[in-house]
Structure formats: C-alpha cells, structure tokens
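Worksheet: the structure to be examined is printed underneath.
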Amino acid sequence: MRVRVHTCPQPRHAEHAAVKFKSRLRVYKREASKLTAMGNFFEDLVHTVMESTLTEEEQDALKAKFHKLRRDVIEDVRNIFPHGQILEPGLPALPDVMEAYATYVNNELPTYLVHVPEKRLVSRQEVKKMYRRDLMAVTEADITKVVEEAAGRSVPTREEAIKALVKGKLKYATFSHRWLERGEPSFRDILMSFRPAGYSKLVNFCEKAAEYDCCLAWSDTCCINKDSSTELEEAIRSMFKWYRDAHACIAYLAEATSIEDLGKDVWFTRGWTLQELLAPRTMKFYGKDWVPLTSSINDKQDVRMLDALSRATGIPHRDLRCFRPGTRDVHQKMMWASNRTTTRVEDIAYSLIGIFDVSLTIAYGEGHRAFYRLMETIVNRCGEWEIMAWAGRPSADSAALPESPRCYRALGEAGTETQSGVSGNNGLTRRTWRGDGNFIMTKQGLQLKLLVVDLPSPSIKLFEGAGRKGVESTRNGKCTVGVVNYWCFDTSGQGVLRPGQDHLCLLLRSDPFDPYAEWEKVSTTELLFVRTDIDVKKELSMLWL
C-alpha cells in the first residue's frame with residue numbers, strides 16, 4: 001500500500017513568493033503616488049484658471065463636476081487599495097485588539113475628521129481602513145510595554161492597555177476658536193474641496209495639529225454634517241467627550257498678543273468655548289498671527305498661563321487642569337457660564353450638557369425651554385442648596401428655576417459658611433448639614449423644605465445682596481421668606497438660624513384672598529439674605545414652588 005506524504009513548501013518557493021509580493025507592492029505604491037500627485041496638480045490648475053476667467057456661479061458649477069469626477073476616481077482606487085495600503089496575506093492580528101479598535105472607532109471617535117496631510121474629510125469607516133494595517137501589526141509585546149509604562153498608581157488591565165494603545169494609534173487634535181463673521185469652511189465646503197473664507201485658519205490649525213503628531217483633526221466648523229439632525233445631535237451630545245479624548249486641543253485667540261491681554265479676547269465670552277477650555281487634558285494657546293503664547297507643550301501645566309486663565313474666567317487652577325464633569329458644585333459652574341453668550345438661545349443649555357454630564361435631547365426652536373429642561377435634569381440629580389442662589393428673570397415653565405445662567409449671583413461669605421460637625425456638651429462632634437438635600441421636581445413644582453419666616457421680626461433683618469455688599473432691604477409692610485440654607489443638627493424636622501451669618505432666602509407670596517393657596521416664589525433683582533442676633537429654631541415646611 002502506498003502512503004502519500006504531505007510536505008511543507010520548499011523554502012525557495014516561499015522566498016520566491018515574498019520577492020514577487022514585494023515587487024508588486026513597489027509598483028502599486030509608485031502608481032498610487034503618481035495618482036495623488038496628478039490629482040493635486042490638476043486641482044491647483046483648475047482653481048487658478050477658474051479664478052481668472054469665470055464668474056463665481058460658473059466656478060461653483062465647474063467645481064462641483066470636477067470634484068464629483070475626482071471622488072469617483074479616488075473611490076475606485078480605494079476599493080482596490082484602501083488608502084494605498086496593500087495588506088500582506090496572512091498578516092497576524094490579535095482578535096481582542098481588532099475588536100477594541102472597531103468598538104473605539106464606531107463609538108468614540110467623532111463622526112467625521114479632517115485628514116491633516118490632505119485637508120479632506122474622512123468618515124469613521126475610512127479611518128477604520130486607514131489604520132487597519134497598523135492595528136493588525138500590534139503584538140503581545142506592544143501590549144506588555146503599555147502596561148509596564150503606565151504612570152498611574154494602579155496596574156492597567158489588558159483591556160485598558162489595549163484601549164490606550166488603540167487611542168495612541170488614532171491620535172486626533174481638536175480646534176477651539178471664535179467663528180469669523182464672514183463665515184467658516186463648512187462640512188460641504190471641505191467635502192467638495194472648496195476654499196472659502198476662513199480656510200487659511202483651518203490650514204494653520206492642521207499645521208499645528210501635525211506638530212503634535214496628529215494625522216487627524218476635528219473642527220466644529222466643518223466636521224459636523226448639520227444637514228443630518230441625527231449627526232448634529234450626536235455631535236452636540238458627544239462634543240465634551242471628543243475634546244476630552246483628543247490628544248491635544250489647539251486654541252486660537254485672534255485678538256491676543258500676550259498672556260497679559262489674553263483675557264480681553266472674545267473667545268472668553270462665548271458659550272461653547274467653556275467646555276472647550278475645561279474638557280481637554282492637553283491644550284495649546286496661540287495668539288494673533290498664530291504666535292504661541294507660551295513655550296510650553298501643554299499650557300495647562302504652565303503656571304503663568306493658568307494664572308491668566310483663572311483671572312479671565314474665575315475658574316480655579318485645579319478645575320482648569322483636571323476638570324471633572326457632573327452635577328456637583330452646580331452654582332460654581334453656572335457662575336462660570338453666567339457671562340457667556342451664544343448665537344442660538346438653545347445653545348446656552350446645549351453647551352453645558354457635557355459640563356454637567358447629563359443627557360438632553362436636542363430640539364432647536366424651543367428657545368429658553370432648553371435651559372429649563374437642563375435645570376430640571378440637574379435638580380433631580382443635585383442635592384446642593386446653592387443651586388437656589390439666583391435672582392432675576394425666572395423660567396417661563398417654573399418660577400422656581402432661572403431663565404439662564406445669567407441669573408446666578410455670587411454668594412460671598414454665605415457660600416463658605418459650612419461645617420461638617422459641631423461640638424456637643426460632651427465634647428463629641430455630631431453631624432450637621434445645611435438646607436434640604438432631597439429637593440426634587442414634581443408635577444406640582446419644585447418640592448423642598450424651607451424655614452419659613454414672617455417679617456418684620458425684632459430679631460431678624462432682611463438684606464439684599466451678599467456679604468459686605470448687602471444692604472438692608474427697604475421693603476415696607478409684611479412679607480414672608482423661606483430660608484434655604486438653615487442649619488440642621490438632628491432629624492427632628494427643625495431648622496436653625498445662627499447669629500452673625502447670612503442665610504439665603506426666597507421671597508414668598510400666596511393669594512391673599514385664598515387661605516388655602518400654595519406659596520409661590522417671587523422674583524427679585526438681587527439675592528435675599530436674613531441675619532439674626534440670636535439662635536432661631538423653627539419647624540421646617542414642605543413647599544411646592
């Protein structure tokens with residue numbers, strides 16, 4: 001009986017196949033390079049001829065035809081060789097790396113990015129093709145190296161190391177700037193390779209991104225397809241995360257000439273730039289004519305820059321360096337946003353979604369109701385009495401909530417008069433707190449417990465304004481206030497006013513002809529406080545405002 005023995009291919013066969021593959025690879029790369037050079041040459045030629053011989057309308061029509069043809073040709077080439085990459089047969093790939101890569105691109109990268117070398121838009125799917133070869137080449141040694149070089153106090157898991165490795169391969173920069181009045185390159189402009197007003201600013205941004213070793217970049221002017229409501233909503237709700245995950249954020253202050261005068265730039269008055277300042281971990285500021293304002297690689301590690309930013313915004317160094325989004329310190333964050341403006345009224349709320357880490361549907365056309373919905377969401381997740389430290393115009397949907405961040409006022413010393421405990425007669429410390437930490441929005445309105453005080457009172461005086469700037473109220477006749485930040489020393493249901501302290505209060509009113517009418521909050525132009533000469537202890541009242 002004959003036995004057929006299967007043998008491995010001879011070494012010379014493998015060597016011959018490798019030589020043949022490398023030869024084909026050189027040919028394909030050479031041809032791809034020629035196509036790219038030819039495309040760039042004809043694009044520049046067409047732009048030059050059109051600008052000198054045709055009207056703007058004729059230029060637009062011809063550009064559209066030319067770029068359609070160019071896209072068709074490029075797409076045909078990419079279908080054969082995705083971005084000039086010819087994947088070697090049998091190239092090993094780690095399954096968990098490729099899975100993490102696909103998950104990251106599909107869920108965490110911006111929808112569109114600018115490919116820095118070519119100044120053109122690329123979608124997530126294109127990005128996935130562009131970097132596929134790099135991720136297929138990742139080895140176990142690469143993952144081990146990431147784990148060993150981790151600078152944190154804890155050792156990263158394999159999943160964390162792979163994700164960090166993937167993010168390192170797909171580095172992108174974000175752009176923070178003030179939009180030009182004459183317009184900026186739009187999504188359609190870049191898609192069609194038009195070069196409108198503001199295009200040079202985009203080019204400069206890409207050059208700075210390249211200095212940070214980023215081949216991808218994101219700009220809010222041209223990387224959002226505003227014709228798609230789905231993509232627009234995703235961009236608005238994800239923008240804080242995109243700035244947070246970016247390798248670097250390039251900030252352009254067109255009016256600043258030095259650190260000393262950077263606070264005068266209009267960039268510090270815009271609503272969207274607040275999250276663009278807080279979110280990035282690495283940030284670089286450029287002034288007029290793209291001159292860097294410091295010599296630091298990361299301006300968030302430069303003390304002089306942090307001092308200047310803190311003076312201009314009122315934001316402490318700690319939050320500038322490592323801001324944590326969420327519904328803590330709501331009053332402080334609203335104060336940071338109180339002097340900022342947006343073109344669309346709704347953007348006042350939408351620009352704060354990431355800062356407070358809340359979810360909010362996007363509905364342009366709803367006006368100030370957007371901020372009411374934001375506040376409603378925050379109130380149900382926040383237990384800080386300082387959230388009630390506002391004055392001015394109330395929301396049309398609830399007299400208990402402000403119309404915008406502009407209503408928030410500084411608390412002065414009233415915001416610092418807190419203590420975690422107070423000594424009892426036996427010398428032990430027992431727990432204390434201030435105000436109602438369990439308030440919530442209900443169908444009846446804002447439900448919270450207040451210490452209700454009828455004025456005038458021989459031991460309690462009413463003041464308008466906080467701290468030393470506060471003046472005794474000139475309101476005549478009887479009135480009723482509900483103290484917000486009373487002291488609680490136990491769970492008896494009683495609140496205490498301490499002598500010599502400012503206690504924030506709300507002016508209350510009910511229907512004078514209806515003895516069963518509910519209390520309503522009355523709007524005031526300034527914050528109201530009460531001061532007392534003695535300890536005042538009263539039962540707390542549950543109100544719905």
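For the sequence shown, the UniProt record's numbering begins at 1 and goes up steadily by one.
Heads up, the beta-carbon is just placed ideally off N, CA and C, and yes, glycines get one too.
Report all residues from its chain with a CB closer than 7 Å to the CB of residue 178; omit the five preceding and five following residues, and keep chain order.
Excluding sequence neighbours, residue 178 sits near 254, 266, 267 and 270.
Please confirm if the stretch 357–365 is in contact with the stretch 397–406, defined as three or more CB-CB distances below 8 Å between the two stretches.
Touching, no.
Own chain partners of residue 204 with C-beta closer than 6 Å, once the 5 adjacent residues on each side are dropped
Non-local C-beta neighbours of residue 204 in its own chain, meaning closer than 6 Å and more than five positions away in sequence, comprise 290, ordered along the chain.
Per DSSP, what kind of secondary structure is residue 545 in: helix, strand or coil?
Look at residue 545 here: in three-state DSSP terms it is coil, with no helix or strand label.
6 Å CB neighbourhood of residue 370 in its chain, flanking five on each side removed:
For residue 370, where only same-chain residues beyond five positions count, the Cβ hits under 6 Å are 346 and 349.
Residue 471 and residue 450: beta carbons closer than 8 Å?
One thing to note: residue 471 has its Cβ no nearer than 8 Å to the Cβ of residue 450.
For residue 529, three-class secondary structure by DSSP:
DSSP places residue 529 within a strand segment (E or B) once states are collapsed to three.
Does the Cβ-Cβ distance between residue 128 and residue 102 come in under 8 Å?
A contact, by the Cβ cut-off of 8 Å.
What does the alpha-carbon distance come out to for the pair residue 436 and residue 518?
Across the structure, residue 436 and residue 518 are spaced so that their CA atoms are roughly 19 Å apart.
Can residue 412 and residue 467 be called in contact, C-beta distance under 8 Å?
It is a contact, given that the beta carbons lie within the stated cut-off.
What would DSSP say about residue 403, mapped onto helix, strand or coil?
Residue state, collapsed to three classes: coil.
For residue 551, does the count of other Cβ atoms within 10 angstroms reach 16, so buried, or fall short, so exposed?
Nothing can be reported for residue 551: it is not among the residues displayed for the chain, which extend from 1 to 545.
Closest to residue 110 by CA distance: which of 57, 342, 246 and 229 is it?
Checking every option, the nearest Cα to that of residue 110 belongs to 246.
Using C-beta distances below 7 Å, list every residue in its chain close to residue 510, excluding the 5 sequence neighbours before and after it, in chain order.
Excluding residues within five positions, the ones whose Cβ falls inside 7 Å are 517, 518, 519 and 520.
Nearest-angstrom Cα distance between residue 287 and residue 544?
Cα to Cα, residue 287 sits roughly 51 Å from residue 544.
Leaving out the 5 sequence neighbours to the left and right, which residues in its chain are closer than 8 Å to residue 379 when beta-carbon positions are compared?
Closer than 8 Å at the Cβ level, and outside the excluded window around residue 379, lie 387, 401, 439, 440, 441 and 446.
The alpha helix (DSSP H) enclosing residue 546, as first and last residue numbers
Examination of residue 546 is not possible in this model, given that the chain is present from 1 through 545 alone.
Here's a check: name, in chain order, each residue in its chain whose Cβ is nearer than 6 Å to the Cβ of residue 210, leaving out the five neighbours to either side.
Here the set comprises 116.
Beta-carbon within less than 7 Å of residue 131's beta-carbon, same chain only, minus the 5 sequence neighbours each way: which residues are those?
Excluding sequence neighbours, residue 131 sits near 169 and 170.
Inspect the beta-carbon positions of residue 487 and residue 481 and report whether they are closer than 8 Å.
Inclusion of residue 487 and residue 481 in the CB contact set at 8 Å is not warranted, their separation being larger than that value.
Can you tell me whether residue 539 is helix, strand or coil according to DSSP?
In this structure, residue 539 counts as strand in the three-state DSSP scheme.
If contacts are defined as beta-carbon pairs under 8 Å, then residue 285 and residue 278 qualify, I think. What distance do you get, rounded to the angstrom?
About 14 Å; that fails the 8 Å criterion.
Name the DSSP beta bridge partners of residue 174, please?
Looking at the DSSP output, residue 174 shares a beta bridge with 218 and 249.
Do you know how far the Cα of residue 455 is from the Cα of residue 515?
Their Cα atoms are separated by approximately 18 Å.
Please classify residue 297 as buried or exposed, where buried requires at least 16 other C-beta atoms within 10 Å of its C-beta.
Residue 297 sits exposed, since fewer than 16 C-beta atoms from the chains shown fall within 10 Å of its C-beta.
Pull up the CB-CB distance for residue 527 and residue 477, whole angstroms please, since I reckon it's below 8 Å.
Rounded, the Cβ-Cβ distance is 21 Å, inconsistent with contact.
The alpha helix (DSSP H) spanning residue 449 covers which residue range?
If you look at residue 449, you'll find it isn't in any alpha helix (DSSP H); it sits in the beta strand (DSSP E) that goes 445–455.
What does the Cβ neighbour count give for residue 423, buried or exposed, with the cut at 16 atoms within 10 Å?
At residue 423, the pLDDT of 39 sits below 50, so the modelled position is not reliable and the matter cannot be decided from this model.
Closest by CA to residue 122, which one among 321, 318 and 224?
The residue with the shortest Cα to Cα distance from residue 122 is 224.
Alpha carbon of residue 114 to alpha carbon of residue 373, nearest angstrom
Near 34 Å, if we compare the C-alpha coordinates of residue 373 and residue 114.
Following the continuous alpha helix (DSSP H) through residue 330, name the residue where it begins and the one where it ends.
330–337 is the span of the alpha helix (DSSP H), which, as asked, contains residue 330.
Local conformation of residue 109 per DSSP, three classes:
Residue 109: coil per DSSP, three-state reduction.
What are the boundary residues of the beta strand (DSSP E) that includes residue 322?
No beta strand (DSSP E) contains residue 322, which is instead part of the alpha helix (DSSP H) from 317–322.
Please report the Cβ distance between residue 320 and residue 300, rounded to the nearest whole angstrom; I am assuming they are in contact, meaning their Cβ atoms lie under 8 Å.
The distance from the Cβ of residue 320 to that of residue 300 is about 6 Å, consistent with a contact at the 8 Å cut-off.
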